[in-house]
Amino acid sequence: MIKRLIFILLAALSFALAVDYETELNNFDKNLAHYSVIEKDKAYNAMQHIYISSIMKGNDTLKYEVLKRIIQVSKELNYDSLVYEKELNTLSRSNNRPIEIFTPITTPKSSAQKPQEPETLVFAGNVLKVEESENLTSKEVTTQITQKSENEPMITAATTEKPKETAILSAMNQSGNSIIFSFDRELNENEIKAFTLKAQNGEVRYVYDIRAVKGNTANTNNVKTQLKDVRLSQFDKNTTRIVFESQKEIDIVRKITAGQLIFTAKEFNLLSQQTNATPTVKPLLKKRIVIDAGHGGRDSGAVYNSKYLEKDVVLQIALILGKELESRGHTVVYTRQSDNFLKLRERTKIANDKNADLFISLHVNAAPKSTKNDNTKWQGIETFFLSPSDSQRSKNAAELENQSDVDEMDFYSKNTFLNFLNREKIIASHKLALDIQQYLLGAVRKTYDKVIDGGVREAPFWVLTGAQMPAVLLEVGYITDKTDRERMFDKKFQQLLASGISDGITSYFAKNE
């Protein structure tokens, strides 16, 4: 009876929403040609929501129309549209439709509004194009303009043509003193233009122009620093701009590693000197936490030399983590406490049936087979939350873990879209991942030098899709890397992992009670 009522409510909701679809599609057709990059990104998200609704309603006609528009705006934003193109192709064949990519309505040049030239400012003697997101007031302009000498260079964003394989910025995250920008491929220094702007009042802007396109999931929402401001914008079609604005000069260290651009400065961390301290929390804060040791039984997970098995080490860590959390007053539920196999769907079902507050899945990563002779960049600890991702590194990790239960794919391919309707859970999972990654690194780095921070990433892990509570997946190292492998099988390192994860969970609950 309850299931029937839920179905009726969902059907009624879908029917009510359908009234606006035609209007949204018409507005998309009329306005796309004149949209800015930010507006196109919003239109892209709106089309995805309609696409999800078309799946729920089983409306192939609506799905066909919205797929054409998703593909069009994806190409204009340089987003990956291959999955949508394949589905449109399949849908066209099954319904005997011609394959037709949507072309937006354009306004004749005579009536089109002429784009406004970007304003230029002199900031301590340097000429700088002001991006739309800057929103400088006239008062700010007055205080920042100074006389520019004839010999000083003009600094503008790069205007050369975009390379064939432009990098895509898929995520922006924070971990301790570092702000991490994740791309779908490795950057090189030639694609980064950096300059500093100093105002007469002592304020400093550190500006980085990256030859890349900003993905729709990359934003500053989860970045909190001691700086005056941190901004991320699509400066032009070929350039993503990062601005760190500080009231004084600071030291920023920049490095490129494994598809990430990492900026580190002590001012990036609100906790400052107390990064590694265990967060304070109310003593009666007790939660039910499900710990999922990945793989098991016939599924060994990642393997190295037939001796080191992912299923063994994650079970060891899970049992230690469980004891640590119980010592802090939490109730712990295990998906497995021995070497047995569970389907992916069964793991989150346990969490849902127990009304758990959190779902923590433990795993070990491995370098792709194509890089077996060069594993040096495939190292580190990473924390994932559920979301689509354009990052190849995230896709590699997801494919490795997802392949353990191929039979489940058909089920989830039809049902994963339901997770997008629960945006609050995705945001909460992201916050949990940030806290766990920060405190986890703080714990292990007390004893083990140079533990690589793989960052907080988003990826489509099947094991997280069914969870009705905040859920994250931890890759505690790469079994293909000698240093990571030795550490993960070390009991002392496992205990530090458990302590760090527990500290991160404590911090999450303290801030999000």
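Position 313, counted from 1, in the sequence shown is what my numbering calls 390; the numbers after and before it change by one each time, with no gaps. Note that CB positions come from ideal geometry on N, CA and C, so glycine has one too. What you are looking at is a predicted structure, and each value in this text was computed from that prediction instead of being measured.
Could you tell me if residue i is buried or exposed, where buried requires 16 or more neighbouring beta carbons within 10 angstroms of its beta carbon?
i, result
"N400", "A quick correction: the sequence has Lys, not Asn, at residue 400. The residue is exposed, with fewer than 16 neighbouring Cβ atoms inside 10 Å."
"V521", "buried"
"D430", "exposed"
"L419", "buried"
"A342", "buried"
"K63", "This structure gives no information on residue 63, because the portion of the chain shown stretches from 78 to 590."
"T524", "exposed"
"E242", "exposed"
"M249", "buried"
"S404", "exposed"
"L139", "buried"
"T317", "buried"
"K117", "buried"
"N122", "exposed"
"L109", "buried"
"E99", "exposed"
"D526", "exposed"
"A395", "buried"
"E535", "buried"
"E501", "exposed"
"N315", "buried"
"G532", "buried"
"A433", "buried"
"V160", "exposed"
"E268", "buried"
"F340", "buried"
Can you list, in chain order, the residues of its chain whose CB lies under 7 Å from that of residue i, leaving out five sequence neighbours each side?
i, result
"A428", "V367, F436, A544, M546"
"A443", "A379, L477, Y555, I556, T557"
"Y112", "A120"
"T334", "K454"
"V409", "I366, I368, G399, L402, E403"
"R564", "Y525, G554, F570"
State yes or no: is the C-beta of residue i nearer than 6 Å to some heavy atom of the ligand HEM?
i, result
"S310", "Questions concerning the ligand HEM fall outside what the structure shown contains, since it holds no ligand whatsoever."
Is the distance from the Cβ of residue i to the Cβ of residue j below 7 Å?
i, j, result
"S438", "G371", "yes"
"A548", "S576", "no"
"V266", "Q324", "It should be pointed out that residue 266 corresponds to Glu in this sequence rather than to Val. Going by C-beta atoms, E266 is not nearer than 7 Å to Q324."
"I513", "G581", "yes"
"D530", "L517", "no"
"Q571", "Q393", "yes"
"E552", "E423", "no"
"F566", "V390", "yes"
"V290", "I245", "yes"
"I147", "E162", "no"
"I285", "T273", "Residue identity check: residue 285 is Tyr in the sequence provided, not Ile. Result no, Cβ atoms of Y285 and T273 do not sit closer than 7 Å."
Skipping 5 residues on each side, what residues in its chain have a beta carbon closer than 6 Å to that of residue i?
i, result
"T425", "G543, A544"
"N417", "G373, G374"
"Q515", "S252, G253"
"V114", "Q311"
"G406", "K363"
"N278", "none"
"Y585", "L509, D512"
"Y128", "V143"
"L154", "K117"
For residue i, list the residues DSSP reports as bridge partners.
i, result
"Y385", "Y381"
"V300", "Partner(s): none; V300 has no beta bridge."
"R365", "T408"
"I256", "Q251, F340"
"H440", "E552"
"I33", "Since the first and last residues shown for the chain are 78 and 590, residue 33 lies out of range."
"L282", "The residue you asked about is not Leu; residue 282 is Arg in the sequence shown. L274, E322."
"I458", "D530"
"A289", "A244"
"G373", "D376"
"T334", "Q337"
"I269", "I287"
"E535", "F462"
"S310", "R318"
Just to confirm my understanding: we take residue i, look at its own chain, exclude 5 residues before and 5 after, and list those with CB closer than 8 Å. What are they?
i, result
"L573", "A520, V521, K523, T524, Y525"
"S158", "I147, I148, S151, K152"
"T297", "M249, V307, R308, L309"
"L102", "I127, E142, V143, R146"
Inset, instruction - Could you tell me whether the stretch 330-347 touches the stretch 293-306, where touching means 3 or more Cβ pairs closer than 8 Å? - result: A contact exists between the stretch 330-347 and the stretch 293-306.
Inset, instruction - State whether the stretch 321-338 contacts the stretch 395-415, with contact taken as three or more CB pairs (one from each stretch) at a distance under 8 Å. - result: Flag = no, the stretch 321-338 and the stretch 395-415 do not touch.
Inset, instruction - For the stretch 376-388 and the stretch 553-560, state whether three or more C-beta atom pairs, one from each stretch, are separated by less than 8 Å. - result: Contact between the stretch 376-388 and the stretch 553-560 is present, because at least three Cβ pairs lie under 8 Å.
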